[in-house]
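Residue numbers (the working numbering): 2 to 702. The beta carbon of each residue, even a glycine, is placed where N, CA and C say it ideally should be. Quick notes on the structure that follows.
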Amino acid sequence: MAIEQSPATSQTDNLRDLLNANQYEAVTYTDGPSLIVAGAGSGKTRVLTYKIAYLLQNGWHPSQILALTFTNKAAEEMKGRIAKLVGEQRAKYLWMGTFHSIFSKILRYEASHLGFTSNFTIYDSSDSKSLIRSLIKELQLDDKTYKVNNIQSRISFAKNQLVTPATYANDSDMMRSDMNSKTPRFIEVYQLYCQRCRNSNAMDFDDLLLYTNTLFEKHPEILKTYQERFGYILVDEYQDTNRAQHLIVSKLAANHQRICVVGDDAQSIYSFRGANIDNMLMFQRQYEGCKLFKLEQNYRSTQTLVNAANSLISRNKNQIRKNVFSDGDIGKAIKLLTAYSDYDEAFAVAATMQESIRDTRDAYSDYAILYRTNAQSRTLEEALRKRAIPYKIYGGLSFYQRKEVKDILAYLRLIINPNDEESFKRIINYPARGIGETTQQKILQTAHTHAVSPLEVVKNPADFTLDINNGTAKKIQNFGSLIEQFRTLNEDKDAYVVAEQVVIASGIMQDISVDNTPENLSRKENVQELLSAINQFCEEKANAGDTELKLVDFLSEVALLTDQDKESENDKNRVTMMTVHAAKGLEFKHVFIVGLEENLFPSNMCETERELEEERRLLYVALTRAKIDCVISYAKSRFRNGQTQFSNPSRFLHDIDAKYFQTPYEDKKPEIVRSTTPTFSKFDTPPTISTPQRLKTYCAK
DNA sequence: TAACAAGACCCCGAG
DNA sequence: GGTCTTGTTA
């Protein structure tokens with residue numbers, strides 16, 4: 002490999018030319034702990050990339066480097082860039098990935114120490130929701146008081162704080178607050194939830210962090226091997242780590258303290274899932290002799306955009322003072338679109354975008370529309386489609402969440418993990434094989450009382466004195482042997498062959514082939530796509546010299562994938578539509594930020610000053626995604642939750658210094674595209690905070 | 001047990 | 001507005 006043969010003349014020798022002074026210092030300081038405070042667009046990824054290359058240059062082996070990122074996309078991108086610098090062969094040994102994926106890898110190795118087996122299933126949030134739903138029923142709780150979503154987020158919150166059911170039960174504050182919220186039996190749900198997951202040999206997303214921490218806590222000898230393995234630790238987006246993540250990283254770095262974390266307090270936007278910005282703020286105190294590097298020059302955006310973003314974020318009281326600046330072009334002022342309704346807003350956005358594309362001749366992929374909530378995408382989608390602007394939507398229902406895909410995955414999951422109860426429930430009667438609700442309940446109950454997997458019961462119903470008739474017994478036995486058949490097949494065939502067989506022999510293919518409705522055609526397409534994804538996975542593994550083409554690896558990867566990670570060729574030149582959260586870390590030449598209204602952005606869920614500041618940071622993130630220009634829009638009324646709501650413009654519009662906006666009537670052209678709708682200037686409506694009027698809609702058919 | 005209709009609830013964000 | 005759950009029939 003030409004790139005690798007002569008370490009003396011490496012690509013990193015001319016680092017001084019490639020980096021500014023601060024970046025250079027941050028890259029080349031490797032003696033001890035360091036904190037890099039990196040403003041938006043300041044070349045954070047660049048610094049991390051070169052730092053890893055620099056470490057490899059200086060004798061570290063790739064497998065000694067642990068680099069944790071927040072999204073798969075960030076990990077992939079960084080890996081690609083490093084591969085370019087040091088060669089694919091070396092880059093592939095790096096331990097680089099999201100917290101969840103790296104920890105799940107570790108957990109598969111060490112599963113036995115935690116009472117799991119290495120083929121454990123990862124429950125996604127719909128799996129855990131369905132489990133919680135059945136627990137509420139089982140405990141005969143009132144589902145009006147015990148709301149599934151609420152229970153789920155409370156369990157998640159507890160886990161993120163490393164509060165196990167046992168700790169929870171002993172915490173008088175928690176118990177009292179459950180009393181007050183009329184859900185005193187929450188703890189029972191939590192307990193049973195953990196127990197069922199364990200019986201199912203399954204972990205949810207939060208468990209991946211929680212159990213890794215437990216593993217290192219309870220087994221110092223295991224911790225020691227990982228401490229020694231990872232000689233250098235790098236963590237991206239440290240401002241968004243939660244307690245579990247922080248503790249694990251601290252444990253790993255405790256001895257050698259060769260740790261470098263990068264973050265920007267102004268971009269901390271994940272406190273809702275337990276992220277704690279103090280992890281970053283306290284970092285210097287945690288590690289004595291910690292070096293601090295500040296990257297303040299923004300290379301991404303125009304001066305106008307950087308200054309506008311600065312003026313916004315300066316309204317936050319809690320922040321590390323930074324002087325983020327750009328010495329790029331002054332750039333264009335922000336354009337503000339005012340619309341009467343969400344429909345008009347989408348219309349105006351599409352029109353403005355089309356105009357801009359005509360002027361700039363930039364590609365569709367240079368444009369992004371960012372919104373606060375996924376629900377806003379639908380109207381925008383419609384408007385873009387009318388103008389034949391190609392787009393892609395991230396988030397919402399991802400490919401792997403679609404029914405037909407989940408169904409097949411459930412078969413595959415049950416094959417590799419026969420204890421997986423959620424998968425079992427999903428497919429025992431799909432495709433319909435005459436095993437009804439009552440029978441299912443009996444099977445599950447028997448499985449619980451005998452402490453065996455439901456699959457075990459199904460295989461030998463006679464052993465468990467099930468109260469069912471012979472016909473039903475036959476049916477469930479057939480299901481049992483079907484799965485058993487697949488399991489045998491899986492022992493010596495690769496993942497693709499097994500999956501293909503599942504699709505056919507389970508009857509799924511037949512079920513979605515009964516007619517040619519558009520729904521079924523699209524289902525078939527999705528099934529085909531899943532199969533080819535599995536095939537591709539097998540091929541990639543084979544190319545990498547990996548002979549183990551195991552289903553378990555595929556499932557593990559899939560469970561942690563999001564839509565962002567599955568981009569096909571024909572998705573390349575399209576306008577990106579996503580939430581602001583999803584846009585973190587990305588950049589586009591032209592950005593549209595829509596729905597700048599009170600109760601939407603900032604969110605109506607936001608009550609405290611702290612939460613409001615997080616919303617403001619969120620808008621800061623959105624603004625700083627743009628390289629060249631930015632359009633902001635809001636609507637005076639919006640269809641939400643099945644009714645039209647009127648709202649005021651977001652207070653954040655007034656937080657951004659007015660001089661960075663184009664004045665609404667500067668152009669001859671009116672901002673509003675539909676002539677029937679009244680236009681409003683930015684200052685028509687005072688930024689009063691009022692509860693939205695709720696009007697009944699009269700569009701019922 | 002399955003197919004269909006009415007009704008509830010939702011919508012904050014992600015791995 | 002759409003999705004998911006529950007209730008009603010044959």
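Using the rule of at least 16 other Cβ atoms within 10 Å of the residue's Cβ for burial, across every protein chain shown, is Asp18 buried or exposed?
exposed
As assigned by DSSP and simplified to three states, the class of Phe714:
Any property of residue 714 remains undetermined from this structure, which presents the chain solely from 2 to 702.
Look up Ser604 in the DSSP assignment and give the residues it is bridged to.
Asn600, Leu601
Per DSSP, which one or two residues make a beta bridge with Ile37?
Its beta-bridge partners are Val263, Phe294.
Please name the residue or residues paired with Cys631 in a DSSP beta bridge.
Val592
Report the start-end ranges of each alpha helix (DSSP H) in the region 27-84 that is 4 residues or longer and not cut off at the edges.
The qualifying runs are 45-58.
CA-CA distance, Asn521 and Val581?
33 Å
Take the Cβ of Val159 as the centre, count every other Cβ of all protein chains shown within 10 Å, and call the residue buried at 16 or more, exposed below.
In the sequence as displayed, the identity of residue 159 is Ala instead of Val. Flag for Ala159 reads buried.
Taking the alpha helix (DSSP H) that Lys130 falls in, what are its first and last residues?
From DSSP, the alpha helix (DSSP H) with Lys130 extends over 126-139.
Going by C-alpha distance, which of Val592, Ile331, Val622, Thr439 is nearest Ser357?
The option with the nearest alpha carbon to Ser357 is Val592.
Is Asn161 buried or exposed, if buried means 16 or more other CB atoms sit within 10 Å of its CB?
buried
Quick check on this structure: which residue in Arg652, Glu405, Phe662, Ile436 has the alpha carbon closest to the alpha carbon of Ser523?
Glu405
Just to confirm, are Ile416 and Arg488 a CB contact at a threshold of 8 Å?
yes
Proximity of Tyr621 and Ile331 at Cβ, strictly below 8 Å:
Not a contact, by the Cβ cut-off of 8 Å.
Provide the residue(s) that pair with Pro650 in DSSP beta bridges, ordered along the chain.
Glu598
Distance between Arg434 and Gln446 (C-alpha atoms, nearest Å)
20 Å
On the premise that Lys590 lies in contact with Ile633, defined as a C-beta separation below 8 Å, what is that separation, rounded to the nearest angstrom?
Actually they are not in contact, since the Cβ atoms of Ile633 and Lys590 sit about 16 Å apart, beyond 8 Å.
Starting from Lys336, follow the beta strand (DSSP E) in both directions and report where the run begins and ends.
336-342
Hey, how far is the Cα of Glu297 from the Cα of Asn311?
12 Å
Assigned exposure category for Tyr110 - 16 Cβ within 10 Å defines buried
exposed
Sufficient close CB pairs (3 or more, under 8 Å) joining the region 412-428 to the region 494-507
yes
Cα-Cα, which of Asn317, Phe104, Phe121, Asp572 is closest to Leu211?
Phe104
Cα-Cα separation between Val350 and Gly643, rounded to whole angstroms:
23 Å
The beta strand (DSSP E) with Val236 in it runs from where to where?
233-236
Between Gly232 and Trp96, how many whole angstroms is the CB-CB distance? I'm expecting something under 8 Å.
The Cβ separation is near 11 Å, so there is no contact.
Are the CB atoms of Asp266 and Ile321 within a distance shorter than 8 Å?
yes
For the structure I just gave you, are there three or more beta carbon pairs, one from the region 262-279 and one from the region 598-618, closer than 8 Å?
yes
Hey, how far is the Cα of Lys551 from the Cα of Ile409?
16 Å
Please classify Lys702 as buried or exposed, where buried requires at least 16 neighbouring CB atoms within 10 angstroms.
For Lys702, the predicted structure reports a pLDDT of 20, less than 50, and the residue's modelled location is therefore unreliable. A value from the coordinates is still provided. Exposed, by the Cβ-count rule.
Spatial neighbours of Lys292 in its chain, beta-carbon cut-off 8 Å, leaving aside the 5 residues before and after
Tyr30, Gly33, Pro34, Ser35, Leu36
Unbroken stretches of the beta strand (DSSP E), 3 residues or longer, contained in the region 373-397:
392-394
For Met579, write down the residues that DSSP places opposite it in a beta bridge.
Leu371
Following the continuous alpha helix (DSSP H) through Asp144, name the residue where it begins and the one where it ends.
Note, Asp144: premise wrong, no alpha helix (DSSP H); not H, not E.
What is the DSSP secondary structure of Ser366, reduced to helix, strand or coil?
The answer is helix: DSSP assigns Ser366 an H, G or I state.
Who pairs with Phe662 in a beta bridge, going by DSSP?
Ile335
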